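Read the structure below first, then the notes.
Residue numbers (this note's numbering): 763 to 1037.
Shown next, in the form of structure tokens:
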């Protein structure tokens, strides 16, 4: 494994663990506390604030996805290789399972049982097809925010804050309907730890579908090759005056390299994806 890769994978696993420990833990605490607990708003804030600070804290390492759907969207958009996405997903799922097991160990069955350690579930009257559609739309919003605030070099670099707010908003709307996972790992960790595997495909198909749409939209409709770091494509499409092209491309390359140096969503450098 490339020397630079393993710290990023450790950060992905640790960040995912902390994100879900706080997020799923808030769901359990809400149930334990009853009417006086944090409720839906508290759960939304716990997820959103935890994600915002973790993305900001681990950006310098090169981490900050904590979500297989985000990694998948970056592959769809041409920002990551399939091999690197696979490594990220393994790290994310590992962190998610550890978070689920930790919450199960810390709370009594009477506390975690009613919510299955905060495992996302379909609400009353919501079928699997509707659940997939809801998760897809919620994830579409989240991933568009990721691209627009943490990936695109033209955008204000709000990164963690904007992404956390998107998650909180999604939970306020979709929490009672599907649990608003927006993230296969958010379902996977507590589901494995609690054994609640019903309708498992909802929280894989929905988020991945929404992420794919977001990745395609951003790559082909919203972004330029330079703005999301597609350097090879930029070289082919850049229409510069004769004698200026090389200098102009070099300027873009240096500018992007500087911008993405510690960007958690940045395109991998050559060699990072080889194991």
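Cβ coordinates follow ideal geometry from the N, Cα and C atoms, glycine included.
Owing to the predicted nature of the structure, the values given are computational and were not obtained by experimental measurement.
Three-way DSSP call (helix, strand, coil) for residue i in this model
i, result
"residue 972", "helix"
"residue 948", "helix"
"residue 962", "coil"
"residue 767", "helix"
"residue 777", "helix"
"residue 717", "Because the chain in this structure spans residues 763 to 1037, residue 717 falls outside the shown range and cannot be described."
"residue 981", "helix"
"residue 957", "coil"
"residue 999", "Confidence in residue 999 is poor, its pLDDT being 40 and thus under 50, which makes the residue's placement unreliable; the coordinate value appears in the next sentence. Note: residue 999 maps to helix in three-state DSSP."
Terminal residues of the alpha helix (DSSP H) in which residue i lies
i, result
"residue 837", "830-838"
"residue 943", "Segment: none, residue 943 is in no alpha helix (DSSP H) and carries neither H nor E."
"residue 809", "801-820"
"residue 823", "Looking at the DSSP string, residue 823 is not in any alpha helix (DSSP H), and its letter there is neither H nor E."
"residue 850", "844-868"
Cβ separation of residue i and residue j, assumed to be a contact under 8 Å, to the nearest whole Å
i, j, result
"residue 857", "residue 816", "The pair is not a contact, with the Cβ atoms about 11 Å apart (cut-off 8 Å)."
"residue 861", "residue 782", "4 Å"
"residue 940", "residue 964", "7 Å"
"residue 867", "residue 790", "Not really, about 12 Å apart at Cβ, beyond 8 Å."
"residue 955", "residue 863", "5 Å"
"residue 906", "residue 976", "5 Å"
"residue 829", "residue 893", "No, residue 829 and residue 893 are not in contact; Cβ-Cβ is about 18 Å, not under 8 Å."
Status (buried if at least 16 other CB within 10 Å, exposed otherwise) for residue i
i, result
"residue 770", "buried"
"residue 1002", "Low local confidence applies: a pLDDT of 43 at residue 1002 is under 50, so the model's placement there is unreliable, and no value is given."
"residue 841", "buried"
"residue 949", "buried"
"residue 916", "exposed"
"residue 926", "buried"
"residue 969", "buried"
"residue 932", "buried"
"residue 833", "buried"
"residue 808", "buried"
"residue 946", "buried"
"residue 766", "exposed"
Near the ligand GDP: residue i beta-carbon under 6 Å from a heavy atom
i, result
"residue 770", "Absence of the ligand GDP is noted for the structure shown, with no ligands found whatsoever."
Starting from the N-terminal side, write out each stretch of the alpha helix (DSSP H) that is 4 residues or longer and does not extend beyond the region 874-931.
890-908
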